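According to the working numbering, the sequence shown is numbered sequentially starting from 5. Cβ atoms here follow ideal geometry from the backbone N, Cα and C, with glycine treated the same way. For clarity, every value in this text was computed on a predicted model and none was experimentally measured.
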Amino acid sequence: MKQERIIHGVVASVGTAIGKAVRTFDPLFVSFNFKLRPDQVRKEIERFRASVEKSREQLKRMQSELKRNSGPESSFLIDAHLLVLQDRLFVDRIIEKIESDYINAEWAIQQVSDDLFQAYDRLSDEYLRERRGDLDDIVRRLLHNLQSKPLPSFKKLPYEAILVGKLVPPSTLFGLRSKRIVGLATETGSPLSHTAIMARSLEIPAVVGAAELSEVSSGDLLIVDGERGVVIWAPSEETLAQYKNRDRDGKKLKKKSGAFASAPSVTEDSVQISLGANINFSEEVRSAVAHGCQFIGLYRTEFDFFRQGKQPDEESLVADYSLVLKSAKGAPLTFRTIDVGIDQKSWDGVNMNLGVRGLRFCLENKDLFKKQLRSVYRASVHGPTRLLLPFVSSVDDLDSAHAVIAEVQAELSARRQAYDPHVPIGVMIETPAAAQTCDLMASRVDFFCLGTNDLIQYYLVIDRSDQSVVHLYNPFHPAILRCLQQVYSLLRPTGKPVTVCGEMAADPPSAAVLLGLGFTSLSVSLPAYLRIKRLIRSVSMAQLKDLAAQILKMHKPKEVEEKVRATVYRK
Ligand code: PEP
Ligand code: MG
């Protein structure tokens, strides 16, 4: 019998799943290369065009199904694939290759896509680099269709399945979704990938970047723990029972969620907690309102900003932001200005997390920054708007940002364009420097957001995107607890509100720690919203304060975690 083993990865989609592994092997394509006679070229091009057409039809079908079942949020992912099929750099080059080199379509596809793959690999922007998966996906589809092979069907799976692969492309996940696909675990990939986005919108728990999964075979029993970012291979009876209970609770909670949306976020001892939502795409705002969210504590604008692969113009940004604000239906919406550089390495391998990131990037790219600020301000007449600056590490950073904001306001006034001059301005506390000096920043801002994702990365010196150290990333580390306690005591006398919007707020045990330390405003991703509301309603603040006092004396993250879990899950 196999021994239980914990494989560490990164959370891509929250929730837990128990099932048997189903490996999605890369289909074996015989990309044979043969020379065509001149009279065969036209036919070969027709064969290629037919496969493009067939692929387009399949994707369109998939897109309308996706729109019907999951709403428009995720159907745009298919747009990326459809765009590849329209891309002249891709389709026309393949045709040219067939014509000029007298080669078969498979070989032409292989050659053109190999060039493009190399170009993708050279990109320094991780988000754009992740788009390589879209091209990979479309290449497989074209090759399948050229050889008239049906895409693999998992419809007949005899059990609840967890898809396991080196990298499962988004359309494979969508194509293979069936009631029986309950989880996803990949050896590579990041939570920024389209596959991760797709998993989240299909609400399939997923863990990515779990390299040791390469040893797992189809049929092995797995638990995907999308709370802790681990996959448990061959779980023991005890672990299995524990997760089954949790799973049952989760399902019950889901059923009751409709009624729950309107329940107040208040602890057992009547302490009111503000609970907001984090969104990454404008479309999510409707869902946030439907969940009963009181406010949008974090809108990571960079995903939408770079969605088209190029900078949007000001008018379309104003239109997008106005629509988002109208859809928020009066819930205050926090626009975080562009934060690029997360999880990125530059072309020469420099870790951008320590480089020109967030506000630093915006101050160096003033035109882009001003365009975004103008757009937010112009849209602000449509609903309560808040502006949040990421990756701030000094009062000087803040003063520079304020100077740009003042310029933007002056420009708008000169142009007689309407805007709300009182948009609250906030700062993310996510660098050690900001954590140490937030009290010095207080007089310059209206509110704070605590970004524990980065704070933990910088405090514990653990690169968020580096798979080899990701298991050391630990919110229960005494250094983090002390840091949070310090931030709380520095901010308290200033009276400035603070919302915790890092993932620490989205996981019940670490959220309980935050509450115990005094933070009474949390903002979490939508799939975690009801879970955290349930936590809030099931705990007493007095008990959590007592818990905080106890864990602050502990020496090791493990001890802290065990103590917290025992309290939260009342073991
Ligand atoms: C954070 O750092 O905690 C945060 C919320 O921002 P992001 O995850 O986008 O870096
Ligand atoms: Mg951050």
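Check                                                                                                                                                                            : Outcome
Which term fits residue 34, buried or exposed, when burial requires 16 or more other beta carbons within 10 angstroms of its beta carbon?                                        : Reliability fails at residue 34, whose pLDDT of 43 lies under 50, so the model's placement of it is uncertain and the value that follows must be treated cautiously. With fewer than 16 other Cβ atoms within 10 Å, it is exposed.
Can you check whether the CB of residue 231 is closer than 9 Å to the CB of residue 15?                                                                                          : yes
Could you tell me the distance, in whole angstroms, from the CA atom of residue 139 to the CA atom of residue 89?                                                                : 9 Å
For residue 419, report the span of its beta strand (DSSP E) as first-last.                                                                                                      : First-last for residue 419: undefined, no H or E at that position.
Thinking residue 267 and residue 541 are a contact (beta carbons under 8 Å), I'd like their distance in whole angstroms, please.                                                 : 7 Å
Could you name the residues whose beta carbon sits closer than 6 Å to any heavy atom belonging to ligand 1, keeping them in chain order?                                         : 302, 304, 343, 346, 434, 455, 456, 457, 458, 505, 506
Among the residues of its own chain, which have a CB less than 7 Å from the CB of residue 622, if the five just before and after it don't count?                                 : Because the chain in this structure spans residues 5 to 575, residue 622 falls outside the shown range and cannot be described.
Please state the DSSP three-state secondary structure of residue 113.                                                                                                            : helix
Between which residues of its own chain and residue 265 is the CB-CB distance below 6 Å, once the five residues before and five after are set aside?                             : 295, 296
Could you check if residue 163 is buried or exposed, using at least 16 other CB atoms within 10 Å of its CB as the buried criterion?                                             : exposed
Does the segment 397-413 touch the segment 268-287, meaning 3 or more C-beta pairs lie closer than 8 Å?                                                                          : no
Scan the segment 82-108 and note each continuous alpha helix (DSSP H) run of 4 residues or more that stays entirely inside, going in chain order.                                : 92-105
Buried or exposed for residue 385, going by 16 or more other Cβ atoms inside 10 Å?                                                                                               : exposed
In whole angstroms, what is the alpha-carbon distance linking residue 551 and residue 481?                                                                                       : 15 Å
Could you work out which residue in 293, 51, 21, 281 is closest to residue 150 when comparing CA atoms only?                                                                     : 51
To test your reading of the DSSP string, which unbroken beta strand (DSSP E) runs of 3 or more residues are found completely within the segment 439-516?                         : 451-454, 502-504
Relative to the C-alpha of residue 166, which candidate in 91, 186, 418, 177 has its C-alpha closest?                                                                            : 186
Are at least three pairs of beta-carbons, each pair with one atom in the segment 278-290 and one in the segment 556-567, less than 8 Å apart?                                    : no
Drop a sphere of 10 angstroms on the beta-carbon of residue 557, count the other beta-carbons inside from all chains shown, and report buried for 16 or more, exposed for fewer. : exposed
Do you know offhand how far residue 547's Cα is from residue 571's?                                                                                                              : 9 Å
Contact check, residue 13 vs residue 211 under 8 Å by CB: the rounded distance?                                                                                                  : 4 Å
Could you tell me which of 177, 432, 317 sits nearest to residue 392, measuring between CA atoms?                                                                                : 432
Within 8 Å: the Cβ of residue 432 and any heavy atom of ligand 2?                                                                                                                : yes
State yes or no: is the C-beta of residue 394 nearer than 8 Å to some heavy atom of ligand 2?                                                                                    : yes
Mind the definition here: the segment 314-325 touches the segment 362-369 only if three or more C-beta pairs lie below 8 Å; say whether that holds.                              : no
Determine the DSSP secondary structure at residue 294, reduced to helix, strand or coil.                                                                                         : helix
Could you please give the first and the last residue of the uninterrupted alpha helix (DSSP H) stretch that includes residue 532?                                                : 530-542
Here's the rule: buried if 16 or more other CB atoms are within 10 angstroms of the residue's CB, otherwise exposed. What is residue 352?                                        : Summary for residue 352: the model assigns pLDDT 44, below 50, so the residue's position carries little reliability, and this model does not support an answer.
Let's test the definition: count the other Cβ atoms within 10 Å of the Cβ of residue 559 and tell me whether it reaches 16, buried, or not, exposed.                             : exposed
What distance in whole Å lies between the Cβ atoms of residue 505 and residue 442, which are believed to be in contact at a cut-off of 8 Å?                                      : Between residue 505 and residue 442 the Cβ distance is about 15 Å, and since that is not below 8 Å, they are no contact.
Got a sec? Which residues, its chain only, sit under 6 Å from residue 47 by beta carbon, not counting five neighbours each side?                                                 : none
Restricting to Cα atoms, I'd like to know which of 523, 238, 512 is closest to residue 499.                                                                                      : 523
Anyone know if the C-beta pair for residue 309 and residue 362 falls short of 9 Å?                                                                                               : no
Measure the CB-CB distance between residue 199 and residue 213 and report whether it falls below 9 Å.                                                                            : no
Is residue 30 helix, strand or coil by DSSP?                                                                                                                                     : Residue placement at residue 30 is poorly supported in this model, since its pLDDT is 48, which falls under 50; the coordinates are not used for a value here.
Name, in chain order, the residues that DSSP records as bridge partners for residue 124.                                                                                         : Answer by DSSP bridge pairing: none, since residue 124 is not bridged.
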